[in-house]
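Trainee: In this note's numbering, the protein residues as written are 1 to 341.
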Amino acid sequence: MPIGIVYHPIYLEHDTGRHPESAQRLEAVVAHLRTTGMWSHLEHVPPRAASTDDLLRVHTAQHLETIAHLARTGGGTVDVDTVVSPRSDEVARYAAGGTIAAVEALLQRRVSAAYALIRPPGHHATASRAMGFCLYNNVAVAARWSLEVAGVQRLAIIDIDVHHGNGTAEAFATDPRVLYVSLHQSNLFPGTGRWRESGRGPGEGALFHIPLPPHTGDEGYLQAFERLVLPAVRRFAPDLLLVSIGYDAHWADPLSSMLVSLVGYRAMADSLVALAGELCRGHIALALEGGYDTDVLARGVHGTLASLMGTESEDPLGRPREPETDVNSLIDAIARKHHLE
Ligand SMILES: [Zn+2]
Numbered sequence: 001m002p003i004g005i006v007y008h009p010i011y012l013e014h015d016t017g018r019h020p021e022s023a024q025r026l027e028a029v030v031a032h033l034r035t036t037g038m039w040s041h042l043e044h045v046p047p048r049a050a051s052t053d054d055l056l057r058v059h060t061a062q063h064l065e066t067i068a069h070l071a072r073t074g075g076g077t078v079d080v081d082t083v084v085s086p087r088s089d090e091v092a093r094y095a096a097g098g099t100i101a102a103v104e105a106l107l108q109r110r111v112s113a114a115y116a117l118i119r120p121p122g123h124h125a126t127a128s129r130a131m132g133f134c135l136y137n138n139v140a141v142a143a144r145w146s147l148e149v150a151g152v153q154r155l156a157i158i159d160i161d162v163h164h165g166n167g168t169a170e171a172f173a174t175d176p177r178v179l180y181v182s183l184h185q186s187n188l189f190p191g192t193g194r195w196r197e198s199g200r201g202p203g204e205g206a207l208f209h210i211p212l213p214p215h216t217g218d219e220g221y222l223q224a225f226e227r228l229v230l231p232a233v234r235r236f237a238p239d240l241l242l243v244s245i246g247y248d249a250h251w252a253d254p255l256s257s258m259l260v261s262l263v264g265y266r267a268m269a270d271s272l273v274a275l276a277g278e279l280c281r282g283h284i285a286l287a288l289e290g291g292y293d294t295d296v297l298a299r300g301v302h303g304t305l306a307s308l309m310g311t312e313s314e315d316p317l318g319r320p321r322e323p324e325t326d327v328n329s330l331i332d333a334i335a336r337k338h339h340l341e
């Protein structure tokens with residue numbers, strides 16, 4: 001079965017002006033996938049617009065009206081870094097609906113794995129608020145659709161964007177059907193995602209936060225995978241893996257201070273693909289979140305798709321010379337908190 005990709009030129013129409021989260025990001029990815037020949041080896045899954053019912057499984061009616069009204073009246077900013085342009089409401093609906101389409105293609109066995117190459121990103125959007133470049137929470141909307149429409153019983157969301165997905169965490173903090181695992185740089189925007197937080201009420205244990213210090217690199221991330229992410233997801237035993245994938249933990253990214261290389265991203269992708277094979281018949285769907293160096297982003301997406309296809313990928317950007325921060329004692333503390341050892 002082929003690997004599915006969801007993409008549509010409509011994603012370029014969310015106009016943020018001079019902004020790190022711009023249409024050039026996806027243009028760079030598509031150009032690179034065409035140049036390398038990857039594009040023609042993918043099964044192109046058409047996106048659809050998320051319906052109001054789809055969005056209301058995560059967001060308030062007031063939030064939908066706020067975004068729609070701002071777009072209708074010419075656009076503006078929701079906060080200092082979150083822009084709504086006249087086309088943004090429809091584009092954001094296609095981003096959420098594109099993520100649903102990726103999962104649907106997977107569950108209907110039209111593809112063996114799926115990647116939603118979408119924008120605007122989603123993981124910071126809360127029930128009632130757009131923030132951090134995000135308008136609607138694409139992965140949360142697709143997760144609720146999977147649970148409430150497609151009959152999925154349990155799913156895990158792995159968020160490897162360098163920022164904490166506060167919106168996704170908030171959406172599932174009380175939901176025992178979902179395990180939300182986030183690796184992020186501690187004390188970076190939006191400042192949430194502390195490791196002692198693990199969900200509330202029936203969702204106790206639903207949140208698994210791994211806030212890593214600045215200058216964590218490939219070794220630290222892979223240790224966190226081996227000792228925390230993989231055992232936590234195995235214990236949860238999901239039917240489906242959803243991945244919020246951001247390439248902004250790369251050492252060249254302008255918005256963070258991590259030292260992950262493309263080799264590290266490839267290793268994380270390989271690890272998640274193997275985990276999906278082991279636990280959920282290979283059912284894995286990924287949705288793009290951040291990544292603000294366009295060269296890193298283009299090569300990073302290519303590497304992730306190569307991982308899904310089981311083909312080689314390269315890292316011409318190399319590794320930084322700076323020393324990596326040691327994260328062993330932090331990992332020990334988080335493992336104890338979640339009774340993993
Ligand atoms: Zn990010």
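The beta carbon of each residue, even a glycine, is placed where N, CA and C say it ideally should be.
From which residue to which residue does the beta strand (DSSP E) around Tyr115 run?
Mentor: Note, Tyr115: beta strand (DSSP E), 113 to 116.
Trainee: When the distance is taken between beta carbons, is Glu289 closer than 8 angstroms to Gly220?
Mentor: No, Cβ-Cβ distance for Gly220 and Glu289 is not below 8 angstroms.
Trainee: Quick one: residues with CB closer than 6 angstroms to any heavy atom of ligand 1, in chain order, please.
Mentor: Working through the chain, the matches are Asp161, Val162, His163, Gly246, Asp248, Glu289, Gly290.
Trainee: In its own chain, which residues sit with a C-beta less than 8 angstroms from the C-beta of Val233, not counting the 5 before and 5 after it?
Mentor: Result list for Val233: Ala156, Ile158, Leu179, Val181, Leu241, Leu275, Leu279, in chain order.
Trainee: When we look at the beta-carbon of Glu170 and count the other beta-carbons within 10 Å, is it buried (16 or more) or exposed?
Mentor: With 16 or more other Cβ atoms within 10 Å, it is buried.
Trainee: Just the Cα atoms here: how many angstroms apart are Gly205 and Lys337?
Mentor: Cα-Cα distance, rounded: 10 angstroms.
Trainee: So, for Glu322: in the same chain, excluding its five sequence neighbours on each side, which residues have a beta-carbon less than 7 angstroms away from its beta-carbon?
Mentor: Excluding positions up to five away in sequence, the list reads His215, Leu259.
Trainee: So Val84 and Gly75 are in contact, right, with Cβ under 8 angstroms, and what is the actual spacing, rounded?
Mentor: The Cβ separation is near 5 angstroms, so the contact holds.
Trainee: Locate the beta strand (DSSP E) running through Thr82, then write down its first and last residues.
Mentor: Segment 82 to 84, the beta strand (DSSP E) holding Thr82.
Trainee: CA-CA distance, Ala125 and His302?
Mentor: Ala125 and His302: Cα-Cα distance of roughly 26 angstroms.
Trainee: Give every residue of the same chain whose Cβ lies closer than 6 angstroms to the Cβ of Leu12, excluding the five residues on either side of it in the sequence, and list them in chain order.
Mentor: Cβ neighbours of Leu12 beyond the five flanking positions: Ala23.
Trainee: Should Ala96 and Val103 be called a contact, given that it needs their Cβ atoms to be closer than 8 angstroms?
Mentor: For Ala96 and Val103, no; Cβs fall outside 8 angstroms.
Trainee: DSSP three-state label for Gly132, please.
Mentor: It is coil, neither helix nor strand.
Trainee: Buried or exposed for Thr77, please, with buried defined as at least 16 other CB atoms from any protein chain shown within 10 angstroms of its CB.
Mentor: Thr77 is exposed by the Cβ-count criterion.
Trainee: I'd like the ranges of any alpha helix (DSSP H) spanning at least 4 consecutive residues and lying wholly in the segment 17 to 41.
Mentor: Counting only runs of 4 or more, we get 23 to 35.
Trainee: May I have a chain-ordered list of the beta strand (DSSP E) segments no shorter than 3 residues that lie completely inside the segment 250 to 332?
Mentor: Segments of the beta strand (DSSP E) lying fully in the segment 250 to 332: 284 to 288.
Trainee: Rounded to a whole number of angstroms, what is the C-alpha to C-alpha distance between Asp89 and Ile334?
Mentor: Cα to Cα, the separation comes out at about 39 angstroms.
Trainee: Is the beta carbon of Pro20 less than 8 angstroms from the beta carbon of Pro254?
Mentor: Yes, Cβ-Cβ distance for Pro20 and Pro254 is below 8 angstroms.
Trainee: Mind listing, in chain order, the continuous beta strand (DSSP E) runs of no fewer than 3 residues lying wholly within the segment 181 to 215?
Mentor: Counting whole runs of 3 or more residues, the segment 181 to 215 contains the beta strand (DSSP E) stretches 207 to 212.
Trainee: Spatial neighbours of Arg57 within its chain, please: C-beta separation below 8 angstroms, excluding the five flanking residues on both sides.
Mentor: Excluding residues within five positions, the ones whose Cβ falls inside 8 angstroms are Val141, Arg144, Trp145, Glu148.
Trainee: In whole angstroms, what is the alpha-carbon distance linking Arg266 and Thr304?
Mentor: Cα-Cα distance, rounded: 6 angstroms.
Trainee: By a C-beta neighbour count over all protein chains shown, 10 Å radius and 16 as the cutoff for buried, is Asp239 buried or exposed?
Mentor: Buried, by the Cβ-count rule.
Trainee: Would you check if the distance between the CB atom of Ile160 and the CB atom of Asn138 is smaller than 8 angstroms?
Mentor: For Ile160 and Asn138, no; Cβs fall outside 8 angstroms.
Trainee: Mind checking whether Arg109 and Met1 have CB atoms under 8 angstroms apart?
Mentor: Yes, Cβ-Cβ distance for Arg109 and Met1 is below 8 angstroms.
Trainee: Using alpha carbons as the reference points, say which of Asp293, Gly199, Gly282, Ala150 lies closest to Ala249.
Mentor: Considering only alpha carbons, the answer is Asp293.
Trainee: Indicate whether Ile3 and Leu42 have their beta-carbon atoms separated by less than 8 angstroms.
Mentor: In contact: Ile3 and Leu42 (Cβ atoms closer than 8 angstroms).
Trainee: Put Val103 into one of helix, strand or coil per three-state DSSP.
Mentor: The answer is helix: DSSP assigns Val103 an H, G or I state.
Trainee: Work out the CA separation of Ser271 and Leu106 for me, nearest whole Å.
Mentor: Each residue's Cα considered, the two are about 19 angstroms apart.
Trainee: For Val45, I'd like the list of residues in its chain whose CB is within less than 6 angstroms of its CB, leaving aside the five on either flank, ordered along the chain.
Mentor: Once the five neighbours on either side are set aside, the close Cβ partners of Val45 are Gly4, Val6, Ala101, Ala105.
Trainee: Ordered along the chain, which non-local residues of its own chain (more than five positions away) have a Cβ less than 8 angstroms from that of Ser261?
Mentor: Counting only Cβ-Cβ distances below 8 angstroms, and skipping sequence neighbours, we find Gly217, Asp218, His250, Trp251, Asp315, Leu317, Gly318, Arg319, Pro320.
Trainee: On the premise that Leu222 lies in contact with His184, defined as a C-beta separation below 8 angstroms, what is that separation, rounded to the nearest angstrom?
Mentor: His184 to Leu222, Cβ: 16 angstroms. No contact.
Trainee: Nearest-angstrom Cα distance between Thr168 and Gly151?
Mentor: Taking the straight line joining both Cα atoms gives about 20 angstroms.
Trainee: Kindly indicate which three-state DSSP category His59 falls into: helix, strand or coil?
Mentor: In this structure, His59 counts as coil in the three-state DSSP scheme.
Trainee: Just to confirm my understanding: we take Phe208, look at its own chain, exclude 5 residues before and 5 after, and list those with CB closer than 6 angstroms. What are they?
Mentor: Closer than 6 angstroms at Cβ, skipping near neighbours: Val181, Ala232.
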